[in-house]
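*Asks:* Handing you this structure, nothing more for now.
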Ligand SMILES: [Zn+2]
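Now the structure itself:
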């Protein structure tokens, strides 16, 4: 996952994905399931897509980049990516690169839409997974710590306490 650098003032998505079979064009964050990559075409601008006879998708509205629904879809797309990659170290740059979007725009939009930061959500997913594992008495805490992506048991304990108000072992005792 790599993000090309572009200025912070450029807040809009910069690529558009056309589906050759349906002749529709979408934002990369569109929740509508996409055809295989051989059916996709990348446009640098909406004008280019329209010129080639593509219609804007009615779900993600690539023709209306400031549309409120686009921000909600962006926040959801970021959350889905975090759900998938929670074991990896948190990286705003990687998330933004994956979503073809400016880093500060992504961070700001997620905060606006969810009231939380991306890092808060990342740790939340890790702790939720850890809590599930802690309820299984036979899984060692050190294993859970590394399995959920924490770099050490002390880091795990510190973050876990922020979300659950107790240490992982206290949580396990309460659940038994
Ligand atoms: Zn779409």
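In the working numbering, the protein residues as written are 681 to 856.
All C-beta atoms, glycine included, are put in the ideal place defined by N, C-alpha and C.
Classify residue 698 as helix, strand or coil using the three-state DSSP reduction.
*Replies:* Strand.
*Asks:* By Cβ distance below 7 Å, which residues in the same chain neighbour residue 791 in space, the five residues on each side in sequence not counted?
*Replies:* The residues are 797.
*Asks:* Which residues does DSSP list as the beta-bridge partners of residue 704?
*Replies:* In DSSP, residue 704 forms a bridge with 699, 735.
*Asks:* Let me know the beta strand (DSSP E) ranges lying completely inside the stretch 718-803, each 3 residues or longer, listed in chain order.
*Replies:* For the stretch 718-803, whole beta strand (DSSP E) runs of length 3 or above, ordered along the chain, are 720-723.
*Asks:* Checking 8 Å against the spacing of the C-beta atoms, do residue 802 and residue 851 come in under that value?
*Replies:* Result no, Cβ atoms of residue 802 and residue 851 do not sit closer than 8 Å.
*Asks:* Thinking just about the alpha-carbon of each residue, which of 704, 815, 716 is nearest to the one in residue 726?
*Replies:* Comparing Cα positions, the closest option is 704.
*Asks:* Does any heavy atom of ligand 1 sit closer than 7 Å to the C-beta of residue 737?
*Replies:* Indeed, a heavy atom of ligand 1 lies less than 7 Å from the Cβ.
*Asks:* Cutting at 7 Å between CB atoms, please list the residues of its own chain near residue 659, excluding the five before and the five after it.
*Replies:* Given that the chain is displayed from residue 681 to residue 856, the structure contains no residue 659 and the question cannot be resolved.
*Asks:* Quick one: what's got a C-beta closer than 7 Å to residue 742's C-beta in the same chain, skipping five residues either side?
*Replies:* Taken in chain order, the residues that qualify are 696, 705, 706, 707, 726, 736.
*Asks:* Could you check which residue in 739, 722, 740, 738 has the C-alpha nearest to that of residue 732?
*Replies:* Looking at the Cα atoms, 722 is the closest of the given residues.
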